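Below: the structure, in C-alpha coordinates.
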Amino acid sequence: MELLSEEQVAERLSSSEWTREGDEIVREWKFENFARAMEFVNAVAEIAEGANHHPDILLHGWNKVRLTLSTHSQGGLTDADFRLAGQIGSGA
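Numbering (the working numbering), first residue to last: 270 to 361.
So this is what it looks like as C-alpha coordinates:
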(Lines of atoms letter the chains of each structure in order from A and count residues from 1; the text may use other names and numbers.)
(Lines give C-alpha, C1' and ligand atoms only; values in the text may rest on other atoms or scores of the structure.)
Protein backbone atom coordinates (compact mmCIF):
# COMPACT_ATOMS: atom_id res chain seq x y z
CA MET A 1 0.00 0.00 0.00
CA GLU A 2 1.46 3.33 -1.06
CA LEU A 3 1.48 6.57 0.87
CA LEU A 4 -0.85 9.23 -0.47
CA SER A 5 0.62 12.42 -1.87
CA GLU A 6 0.01 15.75 -0.16
CA GLU A 7 -2.47 16.60 -2.92
CA GLN A 8 -4.36 13.33 -2.50
CA VAL A 9 -4.62 13.84 1.27
CA ALA A 10 -5.83 17.42 0.84
CA GLU A 11 -8.42 16.33 -1.72
CA ARG A 12 -9.82 13.60 0.55
CA LEU A 13 -9.97 15.95 3.54
CA SER A 14 -11.69 18.74 1.61
CA SER A 15 -15.08 17.06 1.86
CA SER A 16 -14.52 15.45 5.24
CA GLU A 17 -15.00 16.19 8.93
CA TRP A 18 -11.59 14.68 9.61
CA THR A 19 -8.55 16.92 10.05
CA ARG A 20 -4.89 16.29 9.57
CA GLU A 21 -2.33 16.31 12.33
CA GLY A 22 1.08 15.46 10.90
CA ASP A 23 0.97 11.97 9.40
CA GLU A 24 -2.46 11.19 10.89
CA ILE A 25 -6.08 12.14 10.41
CA VAL A 26 -8.19 12.76 13.50
CA ARG A 27 -11.78 13.35 14.41
CA GLU A 28 -13.64 13.81 17.67
CA TRP A 29 -17.23 13.06 18.62
CA LYS A 30 -19.18 14.20 21.66
CA PHE A 31 -22.03 12.03 22.94
CA GLU A 32 -24.88 12.60 25.36
CA ASN A 33 -23.43 10.19 27.92
CA PHE A 34 -20.71 7.66 28.68
CA ALA A 35 -22.82 4.67 27.63
CA ARG A 36 -23.40 6.10 24.14
CA ALA A 37 -19.69 6.92 23.80
CA MET A 38 -18.88 3.29 24.65
CA GLU A 39 -21.45 2.02 22.13
CA PHE A 40 -19.71 4.11 19.49
CA VAL A 41 -16.27 2.76 20.49
CA ASN A 42 -17.57 -0.80 20.22
CA ALA A 43 -19.14 -0.11 16.82
CA VAL A 44 -15.84 1.37 15.60
CA ALA A 45 -14.01 -1.71 16.88
CA GLU A 46 -16.26 -3.99 14.81
CA ILE A 47 -15.78 -1.89 11.68
CA ALA A 48 -12.01 -1.75 12.23
CA GLU A 49 -11.77 -5.52 12.72
CA GLY A 50 -13.68 -6.07 9.50
CA ALA A 51 -11.33 -3.73 7.66
CA ASN A 52 -8.23 -5.15 9.39
CA HIS A 53 -7.18 -1.54 10.00
CA HIS A 54 -7.25 -0.22 13.55
CA PRO A 55 -7.46 3.37 14.75
CA ASP A 56 -6.10 4.74 17.98
CA ILE A 57 -9.15 5.33 20.18
CA LEU A 58 -9.27 7.77 23.08
CA LEU A 59 -12.35 7.99 25.30
CA HIS A 60 -12.06 11.09 27.47
CA GLY A 61 -14.12 13.53 29.46
CA TRP A 62 -16.75 10.77 30.00
CA ASN A 63 -18.53 11.48 26.71
CA LYS A 64 -15.93 12.30 24.06
CA VAL A 65 -14.21 9.95 21.64
CA ARG A 66 -11.20 10.87 19.53
CA LEU A 67 -10.09 8.61 16.70
CA THR A 68 -6.69 8.81 15.07
CA LEU A 69 -5.93 7.03 11.79
CA SER A 70 -2.59 6.38 10.14
CA THR A 71 -0.98 3.43 8.42
CA HIS A 72 1.89 2.92 10.84
CA SER A 73 3.54 0.23 8.70
CA GLN A 74 3.84 2.78 5.86
CA GLY A 75 4.72 5.77 8.04
CA GLY A 76 1.80 7.95 7.01
CA LEU A 77 -1.55 8.14 5.32
CA THR A 78 -2.82 5.62 2.80
CA ASP A 79 -6.10 4.88 1.10
CA ALA A 80 -6.88 2.43 3.92
CA ASP A 81 -7.11 5.32 6.40
CA PHE A 82 -9.64 7.21 4.33
CA ARG A 83 -11.65 4.07 3.54
CA LEU A 84 -11.95 3.33 7.26
CA ALA A 85 -12.81 6.97 8.02
CA GLY A 86 -15.61 6.73 5.47
CA GLN A 87 -16.91 3.49 6.96
CA ILE A 88 -16.99 5.01 10.43
CA GLY A 89 -19.09 7.85 9.08
CA SER A 90 -20.83 10.26 11.38
CA GLY A 91 -21.21 8.05 14.38
CA ALA A 92 -20.86 4.35 13.49
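Virtual Cβ for every residue (Gly too), placed ideally from N, Cα, C. None of the values given here were measured: they were computed from a predicted structure.
Taking Cβ positions, are R296 and L336 nearer each other than 8 Å?
Contact flag set, yes.
When we look at the beta-carbon of T340 and count the other beta-carbons within 10 Å, is it buried (16 or more) or exposed?
Under this definition T340 is a buried residue.
What residue does the alpha helix (DSSP H) around L353 start on, and which one ends it?
Note, L353: alpha helix (DSSP H), 348 to 357.
When the Cβ atoms of the segment 303 to 313 are set against those of the segment 282 to 289, are three or more pairs found closer than 8 Å?
Judged by Cβ distances under 8 Å, the segment 303 to 313 makes no contact with the segment 282 to 289, as fewer than three pairs qualify.
Mind checking W331: buried by the 16 CB within 10 Å criterion, or exposed?
That one is exposed.
Quick check: what's the CA-CA separation for H322 versus A304?
The alpha-carbon atoms of H322 and A304 are separated by roughly 24 Å.
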